[in-house]
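These notes concern the structure reproduced below.
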Amino acid sequence: MSTFFTILTKVGEAKLANATALGQTVKFAKLAIGDGNGQLPTPNQNQTVLVRELRREPLNLIDVDDQNPNWIICEQVIPENVGGWTIREVGIYDVDGDLIAVGNFPETYKPVLSEGSGRTQTIRVVLQVSSTASVELKIDPSVVLATRKYVDDLHNSLVTAVDPFPQYAGKEKFRFSFHFQRMAILLVPYAESGNKLGKSFVSGRMTFARGAEQYSERLMDIELSIKSSYHSTNFTMLKYREDWPLRFCVLEYEGEQWLALYDDSLSGNAQDADVTFVGQRGVFTAGYTPEYQFKVITYDSSEPVTAPPTNPEVKETIVSLASSNVKDASGKQYYSESFPPLIEKIPDLSSQLSGLSTSINTLSQQTTASIDGLAQQTAADIDALDQETTLGLNSVNHKADSKLPLDVLVGSVVEFSTNQPRSGYVKAQRIELSRSAYPKLWAVVQNASNLTAQAVIDADPKTYAAHYGTGNGTTTFTTPDYHLGHFRRGAKNGVAFGQTEGHAVEYHYHNLPTGTGASEYNFEVYGIPDLMPDGTRIWNKYDSLNPWPINGHIAVTDDVGYISGNDTGQIVGNWANETRPDTINTYVYIFHGEVAV
């Protein structure tokens, strides 16, 4: 067995199980450190505190282990000005102040600066749970320190993210078409390190297709994450046509350098193309108007090139998000979200419609045959489905009949005909429950008139048998004990709800003869005396209720006695050490509502 380990306490197990069942979370808040009172302790599930706690402060980080998805890693950073003791034990507390997990720790001395040496110490606790989704970190960012790993992870996530700063720009989506021999898309102003233009960025997906009107052939997809510099550029380029390459370059245009996508094919690509972009863009440069998306330049060139020319002769179009009727210098139409291609813009419309009519006739014949086959198959499927549905409904009805109704009120009392434990119910036999594990029942109990201090109940359990108890006063409460006696429906006049009454026999008379009416207490006189030793008068021999008996008859109150002078017999009865009606013993349960079946 390992020397050093961390375990869930019983309170922690109950809270995590309840959170998992209800789809909630347990908020881990603080990590406590102790010295074990000079000895390395062994963690115990019954612990509610550390052996000797030295420090309890907020957690810095909760993370899930990459290799073990059920391992939770909890970290706390101890600054260099805290210490002067040896760490031997650790504990994790939730926002309610309950000890959720406890562990021992390899003996580590934490120096403090006043001793001449100081260091920042990171305490890491690994905890295995059944569901990491049930755990949540609750911290105050103003009082915790960040670990180096936390900062590195955050930095890397921002560098690699396609959309690292969504608060700086809204999502943009547009489509445009153009005809070109060569083309370039100016993305962001190029900036060297430290230049203010380094704030510019583009992030999103750009899709290229051949054929402006028909969008018939997909050419390329590019996933962009660009920050004005080669050194801060991340992209994934997926090509569908190797003869239509694009690459990133720095292109000079109108005296400015731009990071651009450039067509570097060796010969011209005279064609139409459709470009769609979805993402974000922020450009910080003089003269930039946010309403414009990109500068797209197309230019004539039939000579092989290995690099984009400087200040080429271009046919320029600036594509706007709200463009309505934009054409390039050669008269080709650009389309945008607000100006999509319409059917009347399609060339050779009549010939295309003729071909469409032929295709529709062929499709109609194929559809008729398919419908006939589908009808036959559907009829067979309906028969099979009907049989399955009948079986399924029978199964559902059977399951429904076996369930208790879900609208049973929390706190209601139920008696079952069997003694098996039932999920959703707890015995009404003074059971101590956690307020956090049974929040529904506690919500009912805490405002009830029969909630009584636990010390009062413990001092007189029978009188307060029908009362809920306050438990330990902070985190628990107790159920009533309905097994101490019979309980009646409703309360009679003069008796409060939840009040108990002791056993009693109703007032009545016994007309009992005595052998002789004694004037004093005398064991040698058979029968019932008239006077008790303290002088209390009970009977008088002249009372009508105590007439002289027939000679030889005596009064007996035991189950064995003489009924005449010489005849003996037994008066049969049911005798016990309590007065009770006919009784059936069973269990009484209270519905707590956490898991109803």
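Numbering (UniProt numbering), first residue to last: 1 to 597. Backbone N, C-alpha and C fix where the C-beta goes; we use that ideal spot for every residue, glycine too. Quick caveat, the model's predicted, so the values are computed rather than measured.
Segment contact, 8 Å Cβ cut-off, at least three pairs: the segment 99 to 110 with the segment 118 to 128 | yes
Nearest-angstrom Cα distance between ALA260 and ASN156?
-> The residue given as residue 260 occupies position 260 in the sequence shown. The residue given as residue 156 occupies position 156 in the sequence shown. Taking the straight line from one Cα to the other gives about 25 Å.
Unbroken alpha helix (DSSP H) run spanning GLU13, endpoints | The residue given as residue 13 occupies position 13 in the sequence shown. 10 to 22 is the extent of the alpha helix (DSSP H) around GLU13.
Does the count of Cβ pairs from the segment 75 to 93 and the segment 51 to 64 closer than 8 Å reach three?
-> yes
DSSP three-state assignment for GLY36, whether helix, strand or coil = Taking the first residue of the sequence shown as position 1, residue 36 is located at position 36. GLY36 falls in the helix class under three-state DSSP.
Is it a yes or a no for the segment 46 to 59 touching the segment 19 to 38, going by three-plus beta-carbon pairs under 8 Å?
-> yes
Please classify LEU8: is it buried, with 16 or more other beta-carbons within 10 angstroms of its beta-carbon, or exposed?
-> By 1-based counting over the sequence shown, the position of residue 8 is 8. The residue in question, LEU8, is buried, as its Cβ has 16 or more Cβ neighbours within 10 Å.
Sequence-distant residues of its chain with Cβ nearer than 6 Å to HIS592 (five each side left out) | Locating residue 592 in the sequence shown gives position 592, where the first residue counts as 1. If we look at HIS592 and ignore the five residues flanking it on each side, its Cβ neighbours are VAL426, TYR438 and LEU441.
Quick one: using the 10 Å Cβ neighbour count with 16 as the cut-off for buried, is LEU186 buried or exposed?
-> Taking the sequence shown and counting its residues from 1, the one referred to as residue 186 is at position 186. Result: buried.
Under 9 Å between C-beta atoms, does PRO581 make it to chain C?
-> The structure shown contains no chain C, having only a single protein chain.
Member of GLY97, GLN128, VAL444 and PRO43 whose CA lies at the smallest distance from the CA of GLN67 | Numbered from 1 along the sequence shown, position 67 holds the residue referred to as residue 67. The shortest C-alpha separation from GLN67 is found at GLN128.
Can you name, in chain order, every residue of its own chain whose Cβ lies under 6 Å from the Cβ of ASP98, other than the five neighbours on each side?
-> Working through the sequence shown from its first residue, we reach residue 98 at position 98. Same-chain partners within the cutoff: VAL11.
Where does ASN104 fall in DSSP's three states?
-> On the sequence shown, position 104 is the one that residue 104 refers to. If DSSP states are grouped into helix, strand and coil, ASN104 belongs with the strands.
Have a look at VAL410 and TYR464 and give me their C-alpha separation to the nearest angstrom.
-> Start at 1 with the first residue of the sequence shown, and residue 410 comes out as number 410. Start at 1 with the first residue of the sequence shown, and residue 464 comes out as number 464. Answer to the nearest angstrom: the Cα atoms are 21 Å apart.
Presumed contact (8 Å Cβ cut-off) between VAL102 and LYS27, rounded CB distance = What you label residue 102 is simply residue 102 of the sequence shown in a count that begins at 1. What you label residue 27 is simply residue 27 of the sequence shown in a count that begins at 1. So it is not a contact: roughly 18 Å between Cβ atoms.
My understanding is that VAL413 touches VAL588, with C-beta atoms under 8 Å, so please give their C-beta distance in whole angstroms.
-> As a position in the sequence shown, residue 413 is number 413, starting the count at 1. As a position in the sequence shown, residue 588 is number 588, starting the count at 1. Going by Cβ atoms, the distance from VAL413 to VAL588 rounds to 6 Å, so yes, they are a contact pair.
Can you list, in chain order, the residues of its chain whose CB lies under 6 Å from that of GLU524, leaving out five sequence neighbours each side?
-> Here residue 524 corresponds to residue number 524 of the sequence shown, with the count starting at 1. Residue placement at GLU524 cannot be trusted, given a pLDDT of 47 that sits under 50; the coordinates are not used to answer.
For GLY91, which residues of its own chain have a beta-carbon under 6 Å away from its beta-carbon, when the five flanking residues on both sides are left out?
-> Your numbering for residue 91 matches position 91 in the sequence shown. Only ALA32, LEU50, LEU99 and VAL102 meet the Cβ criterion.
In the DSSP assignment, what are the bridge partners of residue 601?
-> Only positions 1 to 597 of the chain appear in this structure, which leaves residue 601 out of reach.
Mark GLU432 as exposed unless 16 or more other C-beta atoms lie within 10 angstroms of its C-beta, in which case mark it buried.
-> Position 432 of the sequence shown, counted from the start, is the residue given in the question as residue 432. GLU432 should be labelled exposed.
Exposed or buried, which one is PRO69 when buried takes at least 16 other CB atoms within 10 Å?
-> As a position in the sequence shown, residue 69 is number 69, starting the count at 1. By the 10 Å Cβ count, PRO69 comes out exposed.
Residues bridged to SER434 (per DSSP) | Position 434 of the sequence shown holds residue 434. DSSP lists THR476 as partners of SER434.
So the beta strand (DSSP E) PRO439 belongs to, where does it begin and stop?
-> In the sequence shown, residue 439 corresponds to position 439, counting from 1. Where PRO439 is concerned, there is no enclosing beta strand (DSSP E), although the alpha helix (DSSP H) it sits in stretches over 439 to 445.
Through-space distance from ILE590 to TYR482, alpha-carbon basis | Start at 1 with the first residue of the sequence shown, and residue 482 comes out as number 482. Start at 1 with the first residue of the sequence shown, and residue 590 comes out as number 590. Computed Cα separation, rounded: 10 Å.
Should LEU16 be labelled buried (16 or more other beta-carbon atoms within 10 Å of its own) or exposed?
-> Here the question's residue 16 lines up with position 16 in the sequence shown. Buried: at least 16 other Cβ atoms inside 10 Å.
Below 8 Å CB to CB, which residues in the same chain sit around VAL82 once its five sequence neighbours on both sides are set aside?
-> Looking up residue 82 in the sequence shown gives position 82. Only ARG55, LYS110 and VAL112 meet the Cβ criterion.
In whole angstroms, what separates the C-alpha of GLN39 from that of ASP458?
-> Along the sequence shown, one-based indexing puts residue 39 at 39. Along the sequence shown, one-based indexing puts residue 458 at 458. Their backbone Cα atoms lie some 37 Å apart in a straight line.
What residue does the beta strand (DSSP E) around ILE123 start on, and which one ends it?
-> The residue you call residue 123 lines up with position 123 of the sequence shown. It spans 121 to 128 - the beta strand (DSSP E) in which ILE123 sits, taken as one unbroken run.
Backbone CA spacing between PHE277 and SER434 [nearest angstrom] | Numbered from its first residue, the sequence shown carries residue 277 at position 277. Numbered from its first residue, the sequence shown carries residue 434 at position 434. Going by the C-alpha atoms only, they are around 56 Å apart.
Selection from TYR468, GLN24 and THR48 that minimises the alpha carbon distance to ASN447 | In the sequence shown, the residue the question calls residue 447 occupies position 447. ASN447 has its Cα closest to that of TYR468, out of TYR468, GLN24 and THR48.
How would you write the range of the beta strand (DSSP E) that GLY91 sits in, first residue to last?
-> Numbered from its first residue, the sequence shown carries residue 91 at position 91. Start and end: 85 to 94.
Look at the alpha carbon of ALA428 and the alpha carbon of THR474, and state the distance between them as a whole number of angstroms.
-> In the sequence shown, counting from the first residue as 1, residue 428 sits at position 428. In the sequence shown, counting from the first residue as 1, residue 474 sits at position 474. So the two alpha carbons sit approximately 21 Å from each other.
Short check: CB of SER417 to CB of THR586, under 9 Å?
-> Along the sequence shown, one-based indexing puts residue 417 at 417. Along the sequence shown, one-based indexing puts residue 586 at 586. Result yes, Cβ atoms of SER417 and THR586 sit closer than 9 Å.
SER2: which of ILE382, THR42, GLU13 and ALA29 sits nearest, CA to CA?
-> Here residue 2 corresponds to residue number 2 of the sequence shown, with the count starting at 1. Comparing Cα-Cα distances from SER2 to each of ILE382, THR42, GLU13 and ALA29, the minimum goes to THR42.
Nearest-angstrom Cα distance between ASP221 and GLN280?
-> For the purposes of this step, residue 221 is taken as the residue at position 221 of the sequence shown. For the purposes of this step, residue 280 is taken as the residue at position 280 of the sequence shown. Those two C-alpha atoms are separated by around 16 Å.
Cβ of ALA209 within 9 Å of Cβ of VAL275?
-> Taking the sequence shown and counting its residues from 1, one reaches residue 209 at position 209. Taking the sequence shown and counting its residues from 1, one reaches residue 275 at position 275. A contact, by the Cβ cut-off of 9 Å.
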